[in-house]
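Report on one structure; see the data block that follows.
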Amino acid sequence: MRVSRWVGGGIAACAVAVSLINASWIAPTPRDHLTLIAHHGLAQPSDGDSAAGCTAPRIRPVEDNKYIENSLPSMFKASRMGAAVELDVQATADGQMIAFGDPVLECRTNGSGPVRARSLAELKTLDIGYGYTADGGRTFPLRGRGIGGMPSAEEVLREVPQAKLVFRFAGNDPRDADRLAAAFRRMGMPIDGKYAFHGARAVLERMRQLAPGAWTFDSGSDGACLDDYLKVGWTGYVPASCRNTTIFIPIEGQWKIWGWPNRFQKRMADANSRLIMIGGREHGRIVGIDHAEQLGDVPRDFRGWLWVEDFYEAGRALGR
1 MRVSRWVGGG IAACAVAVSL INASWIAPTP RDHLTLIAHH GLAQPSDGDS AAGCTAPRIR
61 PVEDNKYIEN SLPSMFKASR MGAAVELDVQ ATADGQMIAF GDPVLECRTN GSGPVRARSL
121 AELKTLDIGY GYTADGGRTF PLRGRGIGGM PSAEEVLREV PQAKLVFRFA GNDPRDADRL
181 AAAFRRMGMP IDGKYAFHGA RAVLERMRQL APGAWTFDSG SDGACLDDYL KVGWTGYVPA
241 SCRNTTIFIP IEGQWKIWGW PNRFQKRMAD ANSRLIMIGG REHGRIVGID HAEQLGDVPR
301 DFRGWLWVED FYEAGRALGR
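In this text, residue positions in the sequence shown follow this note's numbering: the first is 1, and each later residue adds one.
So, in structure tokens, the structure goes:
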């Protein structure tokens, strides 16, 4: 009987210790604020898998949203609404960097062929709103609104100079990092902490060489940090895979994280890691939250970054 009491007492003591080690309320609320990332600025919401290619032929009908992704009006408005703006960039045939995500032109524009086979001047003649339809091709509500609307990297830096920008390299050519860095130099703008970069690993490695202090992250990472942390985080230990990195927190799996949210945030801040809350992954690519109702699932004390697919809806729900 005495041995049973000792064992029971030991188990209870361990449970109390683990609870205290991981109690979120003990850690202070971070001083930073939540930053929303508007995926492609203000984009058209789409039905189906947003990571499965061009979304223009399957947008959802939204009568008052006339914005086109990766366009200057879209980025400017999202920035004015308080979001960081994520945009796609890739190289043109004449070595410029253009804000456009698809590898080919047929789906979203009235052009054809690979984007990289066209010069900046040629791309500037296209209508980037040409292919959008919500009814299977019967009507095209944005056709004619995007003529000449594909901006160069220099135009983005000039027209939205105060915006926090998150660049996604749409290709895997390391020289794209040099081309984008050259655009910054031509604009006389340093690559500082206001900018972030993600994409193929080879391009990111080159970007780190060109701008060692820049925030770069691999959005296709395999989630090793969370897997490791779920195994040992109850002890308070932060595994090596969670140090000096960017960690993606699926909104549906947040409750499994030891010390969530404040204790976990403190541990990751001490480990020099950033946190991005996401909706999940599709085909290996991260996707953000897609409905304003999901904002209620984000802890009030979360002070990292929140990836948002439909910032037009989410921003209005937040009164921005």
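Heads up, the beta-carbon is just placed ideally off N, CA and C, and yes, glycines get one too. Model, not experiment: these values are computed from the prediction.
Scanning the segment 247-297 for uninterrupted alpha helix (DSSP H) segments of 4 residues or longer gives 262-270, listed from N- to C-terminal end. By a beta-carbon distance limit of 8 angstroms, Ser74 contacts Leu42. Their separation comes to about 4 angstroms.
Secondary structure at Pro114: strand, using DSSP grouped into helix, strand and coil. Around the beta-carbon of Lys231, fewer than 16 other beta-carbon atoms lie within 10 Å, marking it exposed.
Minimum Cα-Cα distance from Ala170 among the listed residues Thr92, Leu306 and Asp270 corresponds to Thr92. Sequence-distant partners of Gly136 (beyond 5 residues in either direction) whose C-beta falls short of 6 angstroms from its own C-beta are missing from its chain. Less than 8 angstroms separates the beta-carbon of Phe100 from that of Asn70.
In the three-state scheme derived from DSSP, where H, G and I count as helix and E and B as strand, Arg168 is classed as strand. If you compare the alpha carbons of Asp222, Val308 and Trp260 with that of His283, the shortest gap goes to Asp222. Counting only runs of at least 3 residues, the segment 55-112 fully encloses the following beta strand (DSSP E) elements, listed from N- to C-terminal order: 84-91. Boundaries of the beta strand (DSSP E) around Ala196: Tyr195 to His198. For the pair Arg185 and Ala214, the Cα-to-Cα distance works out to about 15 angstroms.
Contact annotation: Ala153 and Ala183 have beta-carbon atoms nearer than 8 angstroms. For Thr35, same chain residues with a beta-carbon under 6 angstroms away, outside a window of 5 residues either side, are Ala84 and Trp305 in chain order.
Just measuring C-alpha positions, the residue of Ala224, Cys225 and Leu180 sitting nearest Leu204 is Leu180. Residue Gly82 holds the alpha-carbon nearest to the alpha-carbon of Arg316 among Gly53, Pro61 and Gly82. Only residues of its own chain outside the window of five on either side were considered, and among them Ser46 have a CB closer than 6 angstroms to the CB of Thr55, listed in chain order.
Here Gln44 has Thr55, Ala56, Ile59, Arg60, Val62, Asn65, Tyr67, Ile68, Glu69, Tyr132 and Leu142 as same chain residues with Cβ atoms under 8 angstroms from its own Cβ, once five neighbours each way along the sequence are excluded. Taken through DSSP and simplified to helix, strand or coil, Ala202 comes out as helix. If you look at Ala38, you'll find it isn't in any alpha helix (DSSP H); it sits in the beta strand (DSSP E) that goes Thr35 to His39. Residue nearest to Trp258 within the set Cys225, Gly288, Gly279 and Ile278 is Cys225 (criterion: CA-CA distance).
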